[in-house]
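**Student:** As they're listed, the protein sequences go chains A, B and C. Residues 907 to 1260 (my numbering) are what the first sequence spells out, left to right. Residues 3 to 307 (my numbering) are what the second sequence spells out, left to right. Residues 40 to 285 (my numbering) are what the third sequence spells out, left to right. Note that CB positions come from ideal geometry on N, CA and C, so glycine has one too. Just so you know, these numbers come straight off a predicted model, no measurement behind them. This is the structure I have questions about; it appears just below.
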Amino acid sequence: MQQQSGIFDHFRETWPLLILIIGIAVIVAVIEAVGDRIISQTLTEALIRLIVVVGLYIFIGNSGILSFGHIAFMMIGAYATAWQTMEPMSKDIFIPGLPTFLLENSFHWLPSTIIAGLLSALAALITGIALMRLSGIAASIATFAMFMSLYSFYLQWSTWTAGQSSLVGIQVTTTPWVALGVAVASMVGAFIYSRSRFGLALRSSREDEVAAKAAGVNVTMQRLIAFTISAFFVGMAGGLYGHFLGLLTVDTFYLGTTFITLSMLVVGGMQSLAGAVIGVTVMSFLIEFLRKSESGFTFGDVTVGLPANSSEVGLGVVMLLILIFRPSGLTRGLEIHWPFRPKLKATEVTQRQS
Amino acid sequence: MAYGFQVLIDALSLGSFYALAALGIGLLFGVLRLINFAHGDFITIGAYALIVPSAATQATLLIGGFHPLFLIPSIVGIVIVVALISEFAVFRPLRNASPATLMIGSFALGYIMQNLVIMIFGGRPKAVGLWSDLNLGVQIIEGVQVPQLQLIIISVTLALMVLLVVFLKRTKYGVHMRAAAEDFRMARMLGVQANRVIMLAVAISGMLASAVSLLFVVQTGILDFRMGVPLMLFAFIATVIGGMGSLVGAVVGGFTVGAVSILLQTFLPSELRVFRDVFVFAFVILVLVLRPQGLVVSRSAKERV
Amino acid sequence: MLLEVDNLHAHYGRLTALRGVSLTVAEGEIASIVGPNGAGKSTTLLSISSVLTPTTGTITFAGKTINGLSPEAVAALGVSQVPEGRHIFATLSVEENLLVGAAIRKDTAAITKDRERVFELFPILAERRKQSAGKLSGGEQQMLAIGRALMTNPRFMTIDEPSLGLAPRIVDRVYDVLLELRASRGLTLLIVEQSSERALRSADKIYVLRNGEIQLSGAASDLRDGEAVHAAYFGFSEGQEGKVDF
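Right, here's the structure in full:
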């Protein structure tokens, strides 16, 4: 006997996603209302990181394979967006190697960001065809190799990326609300994916690769799908980042960012969307607190503060502590479910039993 | 002919670096099933231990100024201590964790180490002059001048490899280590002390890292807090293409990567030469796709299905 | 009693493997645990060697509580196991395998003597002493595993399914050796077997384990001729032969 799904049931099923969106939106609203420009900027940066970490979750959380390479996709997306949106004059000066079509034109940031995301996805698709066949450790090392090679490439590709110097002249268009919008889109995407049969199939391979294959799951294909989708969002995050800083340096997309985003996911809990969101939230506050402590607290003439780079060391230590004492992360890999059981009416119960 | 010889020496010399680093990583992987992302940072710390802690760009030698008979054991000792601290603080608490957790844990350790170096020494690269005479050429055969250092690198690597083989095959602890690498649980059931074997492996890994520290600093003359990262990456790649779990594979992988790198350097057209590393990585990915289990298949390979 | 296992409960995650297993083995005795697949026999042995940690229960060896110790420590006390599947070190030579067996010992002269005794016991191993252990046949590997366990100079040896995958003639030889070891050096043995017939022939005491519980125990001489072992093994209740009871 089919039970009719009411609106309330849909609500309950999507609650794990809704609570996260509501939570983040509330935090953004509060900070925007109360805070100053500097805090606003910190917020935007945190939201961009959120998009990256959600992207990481889509792949790492569902496949169980650690990717050390996703920041390469962020880099690809960042530069691809800049290639489209920058003024022709700036492009002539800094990156004259671009094809004429791009050199002569300048496009709006929104379609550019989406196209850049697609380019990152394409890069993931191409590299993934080779990489996703590998398992476990070999795959992770291979993603690291891919990351380093793309980094080296972009570092040397001065006619397109300004190489080791900074590419300046990018319009600043990323506001906290823009970042929030894309962040929400990424969370919705992650949720839909993880509930889809693709997500389910991939998770089965995470638990037991051999059993999944025996059950007919094309593990390589599923990993590739997740890899591509995750790169799309990470690429867009890169696009937003360039338009947040107003400039881009290849060096930004190296180990520091890789570590920070990975640690946010790990601390929150690798295997759930809530883990990604909570990880970013908690770690962002922690990083801000440590940074403030570094610049010091002033008592009269004296400034007392932590030595430089303490926030990075602190970050590493927190990560290690979580790994040792709570390896499944703060959320233990669980989503936030609607806490109340639905009340069954008497008629419903008898209907179900027949 | 002379040119070919030079290329050969270059390849062997670079390959030696990678082989030494790969051995250090391969040893820990064999015994602990741990991918030590911090291995490159062991190398970095060994190098920075030579100078006075300061942010100056021209480094002042501290231990580096001592007589070699004191310098070498000091650096080796320092890196071994750092490695052992890593074992107690990170690897042991994570002993029963999943491979993914182990990997991220060592990644975090490496990150902490790099930032500690920045804290103490500053983030800018430093110039350091250690035994720079060794970079002078020495004549081997007609018309070929080879830097003394390259020959030293190759011989030191060979010597260390021989020592390692002797240790593993002919000493009690070496045999225990090989047994533990193959079947840790069974070894323990026979009374092999788990923690001792691991500490020994960690110490040897540290010793190998310190060798790379010294040789690398003499050759490049530069200290940079990120200097260990490419070395670590190439070392990983060497172990992966050589075949994980096989020390022979690590060495083969190291020399292969070194050879490919030098060949690319030599034969790539000059515009593309800056992209040499990209090609090396592409080569690696190619090998992995064609032969995921690596070039040298270890007899104790994992899940057979 | 040399070994006392008291009320052992063990779980693999949510799966209960042992439900209150208790057994004893006296010094110089040969005890045997028989039971069908999945009964918990290997789990019991692994708990004794402290490779697995039981949820509750105590294991006492020579008066000392050993559960909670590390596997190495238990081995050092004189408890040695020849596990299921033998687990010889395939990448090491036969000689090196034996050397690892002597890990807890320090007296080199005595170790060499014992090694030669193992070669006397199993001449085929002597022929292959320098060969890689992975190249040995199943029977030879079993002998190597036993020889290796003997190198620890144990007071008590547990063996998990010595007859698995071996030709009957070889199994006979293995059991001959085990009985001889008990006779000559007073070695106490706990043998896990799927075949109750062999256990009944060689052991002094039998335990039948099924579904994680001891169903039956007693002296082999008493049980040899009866149906009781058979019944307990397969789960027949008394007087209900022919009815399968799950």
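Could you check whether Thr63(C) and Leu42(C) sit closer than 9 Å to each other, using their CB atoms as the reference points?
**Tutor:** Taking the third sequence and counting its residues from 1, one reaches residue 42(C) at position 3. Taking the third sequence and counting its residues from 1, one reaches residue 63(C) at position 24. Yes, they are a contact pair.
**Student:** To which residues of the same chain is Val140(B) closer than 8 Å at the C-beta, ignoring the five residues directly before and after it?
**Tutor:** Numbered from its first residue, the second sequence carries residue 140(B) at position 138. Gln147, Val148, Pro149, Gln150 and Leu153, listed in sequence order.
**Student:** In chain B, which residues lie less than 7 Å from Gly140(C) when you measure between Cβ atoms?
**Tutor:** Counting from 1 along the third sequence, the entry for residue 140(C) is found at position 101. Going along chain B in sequence order, the residues near Gly140(C) (Cβ under 7 Å) are Leu192.
**Student:** Would you say Met992(A) lies against chain B (beta-carbon separation less than 9 Å)?
**Tutor:** To locate residue 992(A), count along the first sequence from 1; it is residue 86. No, no contact with chain B.
**Student:** Using 10 angstroms around the beta-carbon of Lys145(C), count the other beta-carbons present and answer buried if the total reaches 16, otherwise exposed.
**Tutor:** Stepping through the third sequence from its first residue, residue 145(C) is reached at position 106. Exposed, since its Cβ has fewer than 16 Cβ neighbours within 10 Å.
**Student:** Indicate the three-state DSSP secondary structure (helix, strand or coil) for Gln254(C) in the structure shown.
**Tutor:** Residue 254(C) sits at position 215 when you count from the first residue of the third sequence. Residue state, collapsed to three classes: strand.
**Student:** According to DSSP, is Thr46(B) helix, strand or coil?
**Tutor:** Position 44 of the second sequence, counted from the first residue, corresponds to residue 46(B). Of the three classes helix, strand and coil, the one that applies to Thr46(B) here is helix, per DSSP.
**Student:** For the ligand FMN, any of its heavy atoms closer than 8 Å to the Cβ of Ala1091(A)?
**Tutor:** Of the ligands one can find in the structure shown there are none, so the ligand FMN has no counterpart to examine.
**Student:** Please state the DSSP three-state secondary structure of Pro232(B).
**Tutor:** Translated into the one-based positions of the second sequence, residue 232(B) becomes position 230. If DSSP states are grouped into helix, strand and coil, Pro232(B) belongs with the helices.
**Student:** Would you be able to state if there are at least three C-beta pairs under 8 Å between the region 105-116 of chain C and the region 169-182 of chain B?
**Tutor:** No, they do not touch.
**Student:** Please list the residues of the region 33-55 of chain B that have a C-beta atom closer than 9 Å to any C-beta atom in chain C, keeping them in chain order.
**Tutor:** Within the region 33-55 of chain B, no residue qualifies.
**Student:** Between Leu1196(A) and Leu1179(A), is the Cβ-Cβ spacing less than 9 Å?
**Tutor:** Position 290 of the first sequence, counted from the start, is the residue given in the question as residue 1196(A). Position 273 of the first sequence, counted from the start, is the residue given in the question as residue 1179(A). In this structure, Leu1179(A) does not lie closer than 9 Å to Leu1196(A) by Cβ.
**Student:** List the residues of chain B whose Cβ lies closer than 7 Å to the Cβ of Ile1230(A), in chain order.
**Tutor:** Translated into positions along the first sequence, residue 1230(A) becomes position 324. Going along chain B in sequence order, the residues near Ile1230(A) (Cβ under 7 Å) are Pro95 and Leu96.
**Student:** What's the gap between the Cα of Leu1226(A) and the Cα of Val1183(A)?
**Tutor:** Translated into the one-based positions of the first sequence, residue 1226(A) becomes position 320. Translated into the one-based positions of the first sequence, residue 1183(A) becomes position 277. About 19 Å.
**Student:** Show which residues of chain C have a CB atom less than 8 Å away from the CB atom of Ser168(B).
**Tutor:** Translated into the one-based positions of the second sequence, residue 168(B) becomes position 166. It is worth fixing the name first, because residue 168(B) is Val in this sequence and not Ser. Under the 8 Å cutoff, chain C gives no residues; its nearest Cβ is about 14 Å from Val168(B).
**Student:** Identify whether His269(C) lies in helix, strand or coil by the three-state DSSP scheme.
**Tutor:** For the purposes of this step, residue 269(C) is taken as residue 230 along the third sequence, with counting starting at 1. DSSP places His269(C) in helix when its eight states are reduced to three.
**Student:** State the CB to CB distance for the pair Ser81(C) and Ile105(C), rounded to an integer number of angstroms; the pair is presumed to be in contact (CB under 8 Å).
**Tutor:** Start at 1 with the first residue of the third sequence, and residue 81(C) comes out as number 42. Start at 1 with the first residue of the third sequence, and residue 105(C) comes out as number 66. About 18 Å; that fails the 8 Å criterion.
**Student:** Kindly identify the DSSP beta-bridge partner or partners of Asp199(C).
**Tutor:** Residue mapping note: residue 199(C) aligns to position 160 of the third sequence, counting from 1. Answer is Val231(C).
**Student:** Using C-beta distances below 8 Å, list every residue in its chain close to Leu1009(A), excluding the 5 sequence neighbours before and after it, in chain order.
**Tutor:** Taking the first sequence and counting its residues from 1, one reaches residue 1009(A) at position 103. Pro994, Lys997, Asp998 and Pro1002.
**Student:** Let me check understanding here. Comparing Cα to Cα, which of Met190(C), Thr147(C), Ser234(C) and Thr99(C) lies closest to Asp199(C)?
**Tutor:** Counting from 1 along the third sequence, the entry for residue 199(C) is found at position 160. The residue with the shortest Cα to Cα distance from Asp199(C) is Ser234(C).
**Student:** Would you kindly check if the distance between the Cβ of Ser207(B) and the Cβ of Phe44(B) is under 9 Å?
**Tutor:** Along the second sequence, read from residue 1 onward, the residue named residue 44(B) stands at position 42. Along the second sequence, read from residue 1 onward, the residue named residue 207(B) stands at position 205. Yes, the pair counts as a contact, with Cβ atoms nearer than the cut-off.
**Student:** So, with DSSP's three-state summary, where would you put Val148(B)?
**Tutor:** On the second sequence, residue 148(B) is found 146 positions in, with the first residue counted as 1. Strand.
**Student:** Against Arg1039(A), what residues of chain B qualify as contacts under a CB-to-CB distance less than 7 Å, listed in chain order?
**Tutor:** Here residue 1039(A) refers to the residue found at position 133 when the first sequence is read from its first residue. By Cβ distance, chain B contributes Val291 and Pro294.
**Student:** Kindly indicate which three-state DSSP category Gly59(C) falls into: helix, strand or coil?
**Tutor:** For this step, residue 59(C) is matched to residue 20 along the third sequence. Of the three classes helix, strand and coil, the one that applies to Gly59(C) here is strand, per DSSP.
**Student:** Can you tell which of Ala222(C), Leu164(C) and Ala242(C) has the C-alpha that lies nearest to the C-alpha of Gly177(C)?
**Tutor:** Start at 1 with the first residue of the third sequence, and residue 177(C) comes out as number 138. The option with the nearest alpha carbon to Gly177(C) is Leu164(C).
**Student:** Measure from the alpha carbon of Met1052(A) to the alpha carbon of each residue in Ala1044(A), Met1038(A), Trp1063(A) and Thr1033(A), then state which is nearest.
**Tutor:** On the first sequence, residue 1052(A) is found 146 positions in, with the first residue counted as 1. With distances taken between Cα atoms, Met1052(A) lies closest to Thr1033(A).
**Student:** Reducing DSSP to helix, strand and coil, say where Ala1027(A) ends up.
**Tutor:** Taking the first residue of the first sequence as 1, we reach residue 1027(A) at position 121. The answer is helix: DSSP assigns Ala1027(A) an H, G or I state.
**Student:** Answer with buried or exposed for Asn117(B), where buried requires no fewer than 16 other C-beta atoms within 10 angstroms of its C-beta.
**Tutor:** As a first step, residue 117(B) is located in the second sequence; it is residue number 115 there, counting from the start. Result: buried.
**Student:** Give me the Cα-Cα distance between Val1210(A) and Ser1201(A), rounded to the nearest whole angstrom.
**Tutor:** Translated into the one-based positions of the first sequence, residue 1210(A) becomes position 304. Translated into the one-based positions of the first sequence, residue 1201(A) becomes position 295. Approximately 8 Å, taken between the alpha carbons.
**Student:** Rounding to the nearest angstrom, what Cα-Cα distance links Gly1162(A) and Glu155(C) in this structure?
**Tutor:** By 1-based counting over the first sequence, the position of residue 1162(A) is 256. By 1-based counting over the third sequence, the position of residue 155(C) is 116. One C-alpha to the other measures close to 59 Å.
**Student:** Consult DSSP for Lys174(C) and reduce its assignment to one of helix, strand or coil.
**Tutor:** Numbered from its first residue, the third sequence carries residue 174(C) at position 135. Three-state result, Lys174(C): helix.
**Student:** Spatial neighbours of Thr1194(A) within its chain, please: C-beta separation below 7 Å, excluding the five flanking residues on both sides.
**Tutor:** The sequence position of residue 1194(A) within the first sequence is 288, counting from 1. The amino acid at residue 1194(A) is misidentified as Thr; the sequence shows Glu. If we look at Glu1194(A) and ignore the five residues flanking it on each side, its Cβ neighbours are Thr948.
**Student:** Can you list the alpha helix (DSSP H) stretches of 4 or more residues lying completely in the region 921-970 of chain A, in chain order?
**Tutor:** You should have 943-962.
**Student:** In the DSSP assignment, the beta strand (DSSP E) including Phe283(B) goes from what residue to what residue?
**Tutor:** Numbered from 1 along the second sequence, position 281 holds the residue referred to as residue 283(B). No beta strand (DSSP E) contains Phe283(B), which is instead part of the alpha helix (DSSP H) from Arg278 to Leu292.
**Student:** Assign Pro271(B) to buried or exposed, taking buried as 16 or more other Cβ atoms, counted over all protein chains shown, within 10 Å of its Cβ.
**Tutor:** Stepping through the second sequence from its first residue, residue 271(B) is reached at position 269. Exposed is the call here.
**Student:** Per DSSP, which one or two residues make a beta bridge with Val64(C)?
**Tutor:** Residue 64(C) sits at position 25 when you count from the first residue of the third sequence. Answer is Leu42(C), bridged to Val64(C).
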